[in-house]
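Okay, so here's the structure we're looking at.
Number of protein chains: 2
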Amino acid sequence: MARRNDHSRSEIHQMALEAARAIVREEGLSGLSVRKIATRIGYTGGTLYLVFRNLDDLILQLNAQTLEQLHTCLVSALQGCQGVEQCLLALARGYVRFAHDERPLWDALYSVRLAADEALPEGYQARVDALFGLVEQALAPLHGAEQRRLASHVLWGGIHGITRLALDDKLDLAGPTRPEALTESLVVNYLRGLAAG
Amino acid sequence: MARRNDHSRSEIHQMALEAARAIVREEGLSGLSVRKIATRIGYTGGTLYLVFRNLDDLILQLNAQTLEQLHTCLVSALQGCQGVEQCLLALARGYVRFAHDERPLWDALYSVRLAADEALPEGYQARVDALFGLVEQALAPLHGAEQRRLASHVLWGGIHGITRLALDDKLDLAGPTRPEALTESLVVNYLRGLAAG
DNA sequence: ACCTGAACACCGTTCAAGT
DNA sequence: ACCTGAACACCGTTCAAGT
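Right under this line is the structure:
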């Protein structure tokens, strides 16, 4: 049996990503499988290989959508902020909140370790750059472009790492160290250090 | 066929972890499997379930060893350092170097997402605490114990996140932003910020 | 008592064959 | 042309049965 032609390639592509997103939200990335996605959209596993290179490719494209979603969240978190510190605190809070609210999707973001010869999907790096761009923009009043770039990487990496540790419960459970308090300490003191430098 | 009794339980335990470590080093965590470990130590998959709860448990115990290895590296990185900043820079460099040199083992460290009802293996949390302890010690000259604890989490999380981003090549490949430069910026400016607070 | 190995319920991926 | 579904080579995990 074959030849249904109910949907175009790009429709199947979109349906698959939607199904994958739902599965990851419900069962986590480890609950995701080609067969499950296929069943969910009324096709067979083989069909997905007409549209994606493999499962990792599919996950990376899901991640690209997640990065866009995160971008939207951060933009809205920036609404009405004034000054470098306030804007960076807003970004940090937005990041922590997103990681918390969309835990499985956020986990998936850092789960694909692609081989050296494999390239990222089209537009993926652009979405990463857009996120760093938000931080660089918030840092706009700072002196050099080089310093802004460096600082944006330090802050983004720092906020990410703190969130990871906090959500993994690797930190001491005893202490009242919510990730927001940690990222605030990072932002406030790092900026003060830069200013004092 | 059965009943070989060539090795005690604890010998099998140790041999399995050793084999797992070798496989992860050679093929990465995704190359690790119960069957591979078993073959490598001359037993059958089923035997491993007499010694470990499941594969995740085995990986967590491998991670506990890796944390100890990391602790040793960081202690030796601290040799001869003087002053808060110098010691923290030494720790950061040690961490980055370890992640780089033992990439697959370091990746494995953050790969197990254990369910809410599952507990960490015995002694695991103690090893995590020992690592934070190194940072807190380096921060000893700082005022309050509370502030030291907070700062140690911020710095550890920050250094981890920066390393993650850098080794994942998520950062702009164009820029000359080696992780060492980023962690140095973090440590120097965060400390200056604390001092200026 | 100790360990095996077959069995179960899954995987990702490929591709000849059916409509 | 489009999609299937069987096949391949793997998984983690369990447990009756063999020595």
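These protein sequence lines map, in sequence, to chains A and B.
For the first sequence, position 19 matches number 18 in numbering that gives the first Met the number 0, and the numbering has no gaps at all.
For the second sequence, position 30 matches number 29 in numbering that gives the first Met the number 0, and the numbering has no gaps at all.
Don't be surprised by glycine CBs; every beta carbon is placed ideally from N, CA and C.
Endpoints, alpha helix (DSSP H) assigned at residue i
| i | result |
| --- | --- |
| Glu17 of chain A | Arg8 to Glu26 |
| Thr65 of chain A | Leu54 to Leu77 |
| His142 of chain A | No alpha helix (DSSP H) holds His142 of chain A; DSSP gives it neither H nor E. |
| Gln85 of chain A | Val83 to Asp100 |
| Ala194 of chain A | Pro178 to Ala195 |
| Ala115 of chain B | Looking at the DSSP string, Ala115 of chain B is not in any alpha helix (DSSP H), and its letter there is neither H nor E. |
| Thr46 of chain A | Gly44 to Leu47 |
| Gly132 of chain B | Tyr123 to Ala137 |
| Arg3 of chain B | Where Arg3 of chain B is concerned, there is no enclosing alpha helix (DSSP H), given that its DSSP letter is neither H nor E. |
| Val33 of chain B | Val33 to Ile40 |
Cα-Cα separation between residue i and residue j, rounded to whole angstroms
| i | j | result |
| --- | --- | --- |
| Arg96 of chain A | Thr176 of chain B | 28 Å |
| Glu10 of chain B | Asn62 of chain B | 18 Å |
| Thr65 of chain A | Val83 of chain A | 26 Å |
| Ala150 of chain A | Ala107 of chain B | 28 Å |
| Leu54 of chain A | Val33 of chain A | 7 Å |
| Thr162 of chain A | Arg3 of chain A | 46 Å |
| Leu164 of chain A | Gly156 of chain B | 6 Å |
| Gly93 of chain B | Glu67 of chain B | 14 Å |
| Arg226 of chain B | Leu130 of chain B | Examination of residue 226 of chain B is not possible in this model, given that chain B is present from 0 through 196 alone. |
| Gly160 of chain A | Leu166 of chain A | 10 Å |
| Ala19 of chain B | Leu47 of chain B | 12 Å |
| Ala195 of chain B | Ile158 of chain B | 21 Å |
| Glu145 of chain A | Val187 of chain B | 17 Å |
| Ser184 of chain A | Ala118 of chain A | 36 Å |
| Pro178 of chain A | Asp168 of chain A | 10 Å |
| Glu26 of chain A | Leu57 of chain B | 23 Å |
is_contact[residue i, chain A] using C-beta, thresh 9 Å
| i | result |
| --- | --- |
| Ala195 of chain B | yes |
| Trp105 of chain B | no |
| Thr176 of chain B | yes |
| Arg191 of chain B | yes |
| Arg148 of chain B | yes |
| Val153 of chain B | yes |
| Tyr109 of chain B | yes |
| Leu61 of chain B | no |
| Val23 of chain B | no |
Any chain B beta carbon closer than 9 Å to residue i
| i | result |
| --- | --- |
| Ser9 of chain A | no |
| Val33 of chain A | no |
| Arg163 of chain A | yes |
| Gly157 of chain A | yes |
| Ser29 of chain A | yes |
| Ser226 of chain A | Nothing can be reported for residue 226 of chain A: it is not among the residues displayed for chain A, which extend from 0 to 196. |
| Ala180 of chain A | yes |
Please determine if the segment 39–59 of chain A and the segment 69–78 of chain A are in contact, where contact requires at least 3 C-beta pairs separated by less than 8 Å. no
So, does the segment 117–132 of chain A touch the segment 113–129 of chain B, judging by three or more C-beta pairs under 8 Å? no
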